[in-house]
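These notes concern the structure reproduced below.
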Amino acid sequence: MTVLIPEAPTGDDAVARKAPGHSTLRGLTRGQGLAGLVLVGVVAAVGLLAPLLTPYGPFDQIQGANLVGPGSAHWFGTDEVNRDVFTRTAHGIRTNLLIVFAAVAVGAALGTALGLVSSTNQFADVVTQRVFDVVLAFPALILGIALAAVVGPGAVTVGIVIVVVEVPIFGRLVRSSVLKVRELQFVESAEVIGAGHWWILRSHILPNSLEPLGVQVALSLSVAVFVEAGMSFIGVGVRAPEPSLGSLISNSVANLDANPMYAIGPLAVVTALVLGFLLVAQGLAQAHRAR
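Counting in my numbering, the sequence shown runs from 745 upward without gaps.
Take a look at the structure:
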């Protein structure tokens, strides 16, 4: 899986820059960052407000509405077992975002912890880097198929795959950032005056090392949306009859002639989420570079 790793701040001017929170806020409220945030926000709102936007439940079978095309009663039409596709798409957004946000958060936390440990201990560094090499050698969908064969498909399986993929990405990013910041003059000055190792790590190194994480979180969210949809599409993700964007797209393939919106609707949602998170990442990266 290809993932863009933002560069860590380098040079003594990293200290003189404005606080990371300022640039993050600027990245989310201007240009591409704002556009991406609005795009993700609209899609998330559809998922959150699903019960208010449609009179149907995600499992309701509507009598006499087999593969009906889009219209005022069914915005995305109905599926092969008479269920409203828009309703299932909206609930699929909930499923997708819940898995994605939870898994990326866990992966980022574990990766950050391992990155900090490997940057301060040579033996731990060698071990973690070799493990990271092995994990990153396998595409996420391959890992998903292998894990599903062992523990079975499901939302938990998707979450585990995303966590496993994200841990080495965040681990290497944090390790690289910490190693670069440790060489800056203000850190060396703190060491000279006798400041403790953990105090320097907490007060100086961490605040200046974690700035790239915002960009990587947005990138990881975009990848995770695709991984969840992809695993469900090939049948190793969220189990039926639970609604999932990937399973909706998969089930629509055999019914494109009868109701093209069966596929177009969920595909548009996945595209909007991936594009939205990528725009957020671009906005954050531009704001950080401008500091």
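No residue lacks a Cβ here, since even glycine has one placed at the ideal position from N, Cα and C. Treat the numbers as computed from the prediction; the structure is a model and nothing was measured.
(request) Output the boundary residues of the alpha helix (DSSP H) element that contains P795. (result) As a working note, residue 795 is residue 51 in the sequence shown. First-last of the alpha helix (DSSP H) with P795: 794-797.
(request) Run the CB neighbour count on L1043, radius 10 Å, all protein chains shown included, and call it buried at 16 or more, exposed below. (result) Residue 1043 lies beyond the residue range present for the chain, which begins at 745 and ends at 1035; the question has no answer from this structure.
(message) Taking contact to mean 3 or more Cβ pairs, one atom from each stretch, closer than 8 Å, check whether the region 835-843 and the region 979-997 are in contact.
(response) In this structure the region 835-843 lies against the region 979-997, because at least three pairs of beta carbons, one per stretch, are closer than 8 Å.
(message) For L783 and S933, I'd like the C-alpha separation in whole angstroms.
(response) Here residue 783 is taken as the residue at index 39 of the sequence shown, counted from 1. Here residue 933 is taken as the residue at index 189 of the sequence shown, counted from 1. Roughly 45 Å separates the two Cα atoms.
(request) Just mark P956 as buried or exposed, buried being the case when its beta carbon has 16 or more other beta carbons within 10 Å. (result) As a working note, residue 956 is residue 212 in the sequence shown. Residue environment for P956: buried (at least 16 other C-beta atoms within 10 angstroms of its C-beta).
(message) Counting beta carbon pairs with one atom in the region 805-819 and one in the region 866-880, are three or more of them shorter than 8 Å?
(response) No contact exists between the region 866-880 and the region 805-819.
(request) Out of P1004, T831, G808, N810, point me to the one whose CA is closest to G791's CA. (result) Taking the first residue of the sequence shown as 1, we reach residue 791 at position 47. Taking the Cα of G791 as reference, the smallest distance to any Cα among P1004, T831, G808, N810 is reached at T831.
(request) Determine, using beta carbons only, whether L1011 and Q960 come nearer to each other than 7 Å. (result) As a position in the sequence shown, residue 1011 is number 267, starting the count at 1. As a position in the sequence shown, residue 960 is number 216, starting the count at 1. Using a Cβ distance threshold of 7 Å, L1011 and Q960 do not count as a contacting pair.
(request) Identify whether D1001 lies in helix, strand or coil by the three-state DSSP scheme. (result) As a working mapping, residue 1001 is identified with position 257 in the sequence shown. In the structure shown, the three-state DSSP call for D1001 is coil.
(message) Comparing C-alpha positions only, which one of L950, I886, P912 sits nearest to V925?
(response) For the purposes of this step, residue 925 is identified with residue 181 of the sequence shown, where counting begins at 1. Closest option to V925, Cα to Cα, is L950.
(request) With DSSP as the reference, label D823 as helix, strand or coil. (result) Counting from one through the sequence shown, the residue named residue 823 turns up at place 79. For D823, the three-state secondary structure derived from DSSP is coil.
(message) If you reduce the DSSP assignment to three classes, tell me which class A752 lands in.
(response) For the purposes of this step, residue 752 is identified with residue 8 of the sequence shown, where counting begins at 1. Confidence at A752 is low in this model, with a pLDDT of 47, below 50, so the placement of that residue should be treated as unreliable; the coordinate-derived value is given next. Of the three classes helix, strand and coil, the one that applies to A752 here is coil, per DSSP.
(request) Measure the beta-carbon distance from A852 to F914 and round it to whole angstroms, keeping in mind my assumption that it falls under 8 Å. (result) The count along the sequence shown starts at 1 and reaches residue 852 at position 108. The count along the sequence shown starts at 1 and reaches residue 914 at position 170. A852 to F914, Cβ: 5 Å. Contact.
(request) Within 10 angstroms of the Cβ of A893, are there 16 or more other Cβ atoms? Answer buried if so, exposed if not. (result) The count along the sequence shown starts at 1 and reaches residue 893 at position 149. Of the residues assessed, A893 falls on the exposed side of the cut-off, its CB having fewer than 16 other CB atoms within 10 angstroms.
(message) My assumption, with CB atoms under 8 Å, is that V895 sits in contact with V969. Please give the rounded CB distance.
(response) Counted from its first residue, the sequence shown places residue 895 at position 151. Counted from its first residue, the sequence shown places residue 969 at position 225. Their Cβ separation, rounded to whole angstroms, is 22 Å, which puts V895 and V969 out of contact at 8 Å.
(message) Just to confirm before moving on: does the CB-CB distance between G836 and V1024 stay below 7 Å?
(response) Your numbering for residue 836 matches position 92 in the sequence shown. Your numbering for residue 1024 matches position 280 in the sequence shown. No, the Cβ-Cβ distance between G836 and V1024 is not below 7 Å.
(message) Considering Cα atoms alone, identify which of G1027, R919, S994 is closest to V861.
(response) For the purposes of this step, residue 861 is identified with residue 117 of the sequence shown, where counting begins at 1. Among G1027, R919, S994, the Cα nearest to that of V861 is on R919.
(message) For a minimum of 4 consecutive residues, which ranges assigned as the alpha helix (DSSP H) are wholly contained in the region 980-1024?
(response) For the region 980-1024, whole alpha helix (DSSP H) runs of length 4 or above, ordered along the chain, are 989-996.
(request) Pull up the distance between the alpha-carbon of T822 and that of V909, whole angstroms please. (result) For the purposes of this step, residue 822 is taken as residue 78 along the sequence shown, with counting starting at 1. For the purposes of this step, residue 909 is taken as residue 165 along the sequence shown, with counting starting at 1. In this structure, the alpha-carbon of T822 lies about 35 Å from that of V909.
(request) Tell me whether V825 is buried or exposed, calling it buried when 16 or more other Cβ atoms sit within 10 Å of its Cβ. (result) Looking up residue 825 in the sequence shown gives position 81. Counting Cβ neighbours within 10 Å, V825 comes out exposed, since fewer than 16 surround it.
(request) Determine the DSSP secondary structure at D804, reduced to helix, strand or coil. (result) The residue you call residue 804 lines up with position 60 of the sequence shown. Looking at D804 - three-state DSSP - the assignment turns out to be coil, as it is neither helix nor strand.
(request) Tell me, please, which residues DSSP counts as bridged to D828. (result) Mapped onto the sequence shown, residue 828 falls at position 84. For D828, which the question treats as bridged, DSSP gives the partners T822.
(message) For L858 and V911, which I take to be in contact (beta-carbon distance under 8 Å), what is that distance rounded to the nearest angstrom?
(response) The residue labelled residue 858 in the question sits at position 114 within the sequence shown. The residue labelled residue 911 in the question sits at position 167 within the sequence shown. Approximately 7 Å separates the beta-carbon atoms of L858 and V911; this is inside 8 Å, confirming the contact.
(message) On the DSSP letters alone, give me the boundaries of the alpha helix (DSSP H) that R874 sits inside.
(response) Reading the sequence shown from its first residue, position 130 is the one you call residue 874. For R874, the enclosing alpha helix (DSSP H) covers residues 866-880.
(message) By the three-class DSSP mapping on this structure, what secondary structure does G813 have?
(response) What you label residue 813 is simply residue 69 of the sequence shown in a count that begins at 1. DSSP places G813 outside both helix and strand once states are collapsed to three, so it counts as coil.
(request) Would you mind reading off the limits of the alpha helix (DSSP H) that contains I886? (result) Here residue 886 refers to the residue found at position 142 when the sequence shown is read from its first residue. Where I886 is concerned, the enclosing alpha helix (DSSP H) stretches over 884-895.
(request) Please list, in chain order, all residues of the same chain as G1089 whose beta carbon is under 6 Å from its beta carbon, the five residues on each side excluded. (result) Residue 1089 falls outside the range modelled here, since the chain spans only 745 to 1035, and no answer is possible.
(request) Round the Cβ separation of A973 and L989 to the nearest angstrom and send it over; I've been treating them as touching at under 8 Å. (result) Within the sequence shown, the letter at position 229 stands for residue 973. Within the sequence shown, the letter at position 245 stands for residue 989. A973 to L989, Cβ: 5 Å. Contact.
(request) Put S978 into one of helix, strand or coil per three-state DSSP. (result) Reading the sequence shown from its first residue, position 234 is the one you call residue 978. For clarity, residue 978 is Ile in the given sequence; the question names Ser instead. Reduced to three states, the DSSP call for I978 is coil.
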